[in-house]
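2 protein chains.
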Amino acid sequence: MPAALDVIQPVCCAPLVREPLGAEDAEELARAIKALADPTRLRLLSIVAASEGREACVCDLTEPVGLAQPTVSHHLKILAEAGFLSRSKRGTWAYYALVPGSLDRIAEVLKG
Amino acid sequence: MPAALDVIQPVCCAPLVREPLGAEDAEELARAIKALADPTRLRLLSIVAASEGREACVCDLTEPVGLAQPTVSHHLKILAEAGFLSRSKRGTWAYYALVPGSLDRIAEVLKG
DNA sequence: CCGGTGTATCGACATCTGTCAATATCGATT
DNA sequence: AATCGATATTGACAGATGTCGATACACCGG
């Protein structure tokens, strides 16, 4: 059993184009970007982000992306572990919300 | 034999958090982000970007990342096809240069 | 306490990906 | 032309990844 949540740290690194990335920083940044490097996860993120309160229930996410529920849960977990989404269970339902600033941090690193 | 270079188009899409991404836009954006989702490629990008004239010779890239030359060539090709690097051969040497604005476009889409 | 519903985990599978050694290609130099 | 040095391509292989069905795990309403 892994740690309670083991979310990846807030992402490292000075802007890519400033100075050569060290091996460890590159690993860490790549882990975060990998979580974004999938069309389904990008769609999930954007649906959540465009929803009221920037959060959405799993039940609202399965149909739009047209994939099986376990698959959607899997993708949401990856996004949560990478720190882009947070999970809060209310009753039977699980709500995933955009973590404010998480995408911006990546954007900052990429920005020239 | 594929087309001469078949570089991916300049990347699509309004900011992620504005409105739900369509399936095709998501595919296209994911293709671009996938090219960035590898520690070696991030390091190559940052080394190139931090070099004089924002370009570097393959011969200068192999040693820093500590991988075999064919592997480095492979990664550079992926970055070039994704539109982040451009290749210019001068004599025996191949120089890869950062394509201005290419990273910023991704950053814009991610930015909240 | 029991059935039902929403979500997560597991196991399996096909596919994709990163890596290297071997080899081909291309350009320069003798 | 013969060779040498730099880069690209090929083939192979281990490991990661996306997907699903089956199943387990809450939580709620009777």
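Taken in order, these protein sequences are the chains called A and B. Going by this note's numbering, the first sequence wraps up at 1610, each residue one higher than the last. Going by this note's numbering, the second sequence wraps up at 1610, each residue one higher than the last. Glycine included, every Cβ here is placed at the ideal spot set by N, Cα and C.
For this session: Determine contact between the stretch 1584-1599 of chain A and the stretch 1542-1551 of chain A, defined as no fewer than three beta-carbon pairs at a distance below 8 Å.
Result: yes
Problem set entry | Of the residues B:Leu1601, B:Asp1523 and B:Arg1588, the one placed nearest Cys1557 (chain B), counting alpha carbons only | Out of B:Leu1601, B:Asp1523 and B:Arg1588, B:Arg1588 has the C-alpha closest to the C-alpha of Cys1557 (chain B).
For this session: Tell me, please, whether the CB atom of Thr1560 (chain A) is closer than 9 Å to any CB atom in chain B?
Result: no
Exercise. Are the CB atoms of Asp1536 (chain B) and Ala1580 (chain A) nearer to each other than 9 Å?
Worked result: no
Problem set entry | Secondary structure of Glu1553 (chain B), DSSP reduced to three states | strand
For this session: Give the secondary structure of Val1532 (chain B) by DSSP, where H, G and I count as helix, E and B as strand, and everything else as coil.
Result: At residue 1532 (chain B) the sequence reads Lys, which differs from the Val that was named. Helix at Lys1532 (chain B).
Exercise. Between Ser1584 (chain B) and Ala1521 (chain B), what straight-line distance do the alpha-carbon atoms span, to the nearest angstrom?
Worked result: 28 Å
For this session: For Leu1514 (chain B), collect the residues of the same chain with a Cβ closer than 7 Å to its Cβ; drop the 5 residues on either side in sequence, then sort them by chain order.
Result: Val1607 and Leu1608
Exercise. Where Leu1601 (chain B) and Ala1530 (chain B) are concerned, what is the direct C-alpha to C-alpha distance, given to the nearest angstrom?
Worked result: One C-alpha to the other measures close to 10 Å.
For this session: Measure the alpha-carbon distance for Glu1553 (chain A) versus Lys1532 (chain A) and round it to whole angstroms.
Result: 22 Å
Problem set entry | Own chain partners of Ala1586 (chain B) with C-beta closer than 6 Å, once the 5 adjacent residues on each side are dropped | In the sequence under discussion, the amino acid at residue 1586 (chain B) is Ser, which differs from the Ala named in the question. Cβ within range, chain order: Tyr1593.
Exercise. Quick one: what's Ala1548 (chain A) bridged to in DSSP?
Worked result: DSSP, once it has assigned bridges, lists no residue as partnering Ala1548 (chain A).
Exercise. Which of helix, strand or coil does DSSP assign to Lys1587 (chain B)?
Worked result: Lys1587 (chain B): strand per DSSP, three-state reduction.
Problem set entry | Contact set between Leu1540 (chain B) and chain A, taken where Cβ atoms lie within less than 8 Å | Leu1514, Leu1519, Ala1524, Leu1527, Ala1528 and Ile1531
Exercise. If we call anything under 9 Å between Cβ atoms a contact, is Leu1577 (chain B) one with Leu1543 (chain B)?
Worked result: yes
For this session: With Ala1605 (chain A) as the anchor, note down where its alpha helix (DSSP H) starts and where it stops.
Result: Ser1600 to Leu1608
Exercise. For a contact meaning CB atoms closer than 7 Å, what does Ala1535 (chain B) contact in chain A?
Worked result: Ala1528, Ile1531, Lys1532 and Ala1535
Exercise. Between Leu1583 (chain A) and chain B, is there a C-beta pair that is closer than 9 Å?
Worked result: Not one chain B Cβ lies under 9 Å of Leu1583 (chain A).
Exercise. Name the DSSP bridge partner or partners of Leu1596 (chain B)?
Worked result: B:Leu1583
Exercise. Leaving out five residues before and five after Val1570 (chain B) in sequence, what residues of the same chain have Cβ atoms less than 6 Å from its Cβ?
Worked result: Leu1559 and Thr1560
Exercise. If you draw a straight line from the C-alpha of Ala1501 (chain B) to the C-alpha of Pro1568 (chain B), how long is it?
Worked result: For Ala1501 (chain B), the predicted structure reports a pLDDT of 40, less than 50, and the residue's modelled location is therefore unreliable. A value from the coordinates is still provided. Taking the straight line from one Cα to the other gives about 21 Å.
For this session: Have a look at Trp1591 (chain B) and Thr1538 (chain B) and give me their C-alpha separation to the nearest angstrom.
Result: 21 Å
For this session: Flag Lys1575 (chain A) as yes if its beta-carbon sits less than 9 Å from any beta-carbon of chain B, otherwise no.
Result: no
Exercise. Which parts of the stretch 1556-1581 of chain A are runs of the beta strand (DSSP E), unbroken and 3 residues or longer, counting only runs that do not cross its ends?
Worked result: none
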